[in-house]
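Worksheet for the structure shown next.
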Amino acid sequence: MSMTPHQSLTLAELDARSRTIFRELVEAYLDSGEPVGSRTLSKRPELQLSPASIRNTMADLASVGLLTAPHSSAGRMPTHAGLRLFVDGLLQVGDLEANDRSEIEDRVSAAGRRPEDVLSEASNLLSGLAGGAGLVASPEREAPLRYVEFVNLSPTEVLAVLVSEDGGVENRLMKPPPGLPPAALIEAGNYLSARLRGRTLSEALQEIRTEIAERRAQLDEASASLVELGLADWSGPDNRTLIVRGQGRLLESVSAVEDLERIRMLFDDIERQEGLLALLDEARAGQGVKLFIGSENPLFSLSGSSVVVAPYRNRENRIIGAIGVIGPTRLNYARIIPLVDYTAQVVGRMIAGPR
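Taking numbering that gives the first Met the number 0, the leading residue of the sequence shown gets 0, the next gets one more, and so forth.
Now the structure itself:
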């Protein structure tokens, strides 16, 4: 399991009593979502200590940045740094139970073979099982291309047809440069077909842009403008979609006005789809689940939310997308981490299809 950067303090720097109290407090907080007091902790069977002793240790943990006291509450809750330390050093993540695995496999399989249906159901599924909002980034369209053709639909619309080596066809509507002559459509299509044949767009993108910028493309101005518009459109954020399901579930845990404001800010974060796509893309840099807690990612600096994400792969074992859950920092990490990981595996198998 791959995680994001650690804070400077390590578990080795805490004595046995501090580690035990810290673990018990974080587990109690994740169960209830409420600040935890020393009297509450003293009743836990793992701690044979007085409230006063626990309170002193909690003050020490707060002084090193692992705990905080919201407002005038007598209880404490973990900071984002504290949660990171807990997840990396104390959290025990087990395997999913058989009924969870069966539900994931049955529901994703029942969605059908269309990738968009599989991804939509996976997002719904994660939201329901995890109690947060489910996130899925659609796969990048990275099949090697066979040819590109431009079709004039009207003075204000051109259809770009991208045909891949595996027979897939992608149609993209474009707004052409003003006064584009019909010959420019043919010239631009021939130019791109020659340079993209047998290659993915990302493999050829920089070379084509450099060639056009240095005027080595042997294209007239109108054809070059059409090619540049196409490249910008196909490689931009609209090349993929973000599927979000279950935002309403985030309201179920609201217990105070401050929580309601935090959820409102989280909704604003979710609306910034380009930022979330970039966050999901970070899962592609590792081999397994990634966890982002609150201020560890600038996108959630205000709402203080957590995201658990995992990549999914195609038949060639290449990472093509990511799937995850977003919610408050008091997510049930021990359950959600294997849940997201297994769902990503099932989604990858479904999208890849039978061998």
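Note that CB positions come from ideal geometry on N, CA and C, so glycine has one too. Please read these numbers as outputs of a predicted model, since none were measured by experiment.
Measuring C-alpha to C-alpha distances from T328 to each of I292, Y341, T342 identifies I292 as the nearest. For A27, there is no enclosing beta strand (DSSP E); the residue is found in the alpha helix (DSSP H) stretching over 15 to 31. A direct Cα-Cα distance of roughly 38 Å separates Y332 from E202. Between the alpha carbons of L82 and P297 lies a distance of about 17 Å. In this structure the region 94 to 105 does not touch the region 305 to 312; the number of beta carbon pairs closer than 8 Å is below three. In this chain, the beta strand (DSSP E) harbouring S304 covers 304 to 312. For A51, the enclosing alpha helix (DSSP H) has its first and last residue at 50 to 62. Cβ-Cβ distances below 7 Å link P143 to S163, E164, G197, R198, T199 in the same chain, with the five nearest sequence neighbours on each side left out; the list follows chain order.
A straight line joining the alpha-carbon of A110 with that of T209 spans about 43 Å.
If you check the CB distance, L158 and L152 come in under 9 Å. For S119, the closest alpha carbon among the candidates L338, L48, G323, R248 is that of G323.
With a beta-carbon spacing of about 7 Å, V339 and L125 fall inside the 8 Å limit used to define contacts.
Judged by beta-carbon spacing, I211 lies within the 9 Å limit of L218, meaning their Cβ atoms are closer than that value. Of the other Cβ atoms in all chains shown, 16 or more fall within 10 Å of the Cβ of G245; this residue is therefore buried.
Excluding its 5 nearest sequence neighbours in each direction, A68 has C-beta neighbours in its own chain below 6 Å: R75, listed in chain order.
The DSSP-derived three-state label of A132 is strand.
Linking E220 to G274 through their CA atoms gives a straight-line distance of about 34 Å. Across the structure, Y190 and R334 are spaced so that their CA atoms are roughly 52 Å apart. With contacts defined by Cβ atoms closer than 9 Å, F149 and G178 do not form a contacting pair. For V168, the three-state secondary structure derived from DSSP is strand. The alpha-carbon of D116 is positioned some 13 Å away from that of T240.
Setting aside the 5 residues that flank it on each side, R43 is surrounded in the same chain by E23, each with a C-beta closer than 6 Å to its C-beta; the list follows chain order. N98: member of the alpha helix (DSSP H) spanning 97 to 109, first to last residue. Judged by DSSP secondary structure, P327 falls within the beta strand (DSSP E) whose first and last residues are 318 to 327. Where A159 is concerned, the enclosing beta strand (DSSP E) starts and stops at 156 to 163.
In the structure shown, R75 falls within a strand segment according to DSSP collapsed to helix, strand and coil. Within the same chain, and ignoring the five residues on either side of G36 in sequence, the residues whose Cβ sits closer than 7 Å to its Cβ are A73, G74. In summary, D268 is buried, with 16 or more beta-carbon neighbours lying within 10 Å of its beta-carbon over all protein chains present. Ranked by Cα distance from G88, the options E104, L10, G303 are led by L10.
Per DSSP, the unbroken beta strand (DSSP E) holding R244 starts and ends at 241 to 244. Between the alpha carbons of G167 and E45 lies a gap of roughly 59 Å.
At the C-beta level, L65 and L48 stay beyond 9 Å of one another.
Here L65 carries a coil assignment [DSSP, helix/strand/coil].
The C-beta separation of L330 from G131 comes to about 6 Å, placing the pair in contact by the 8 Å criterion.
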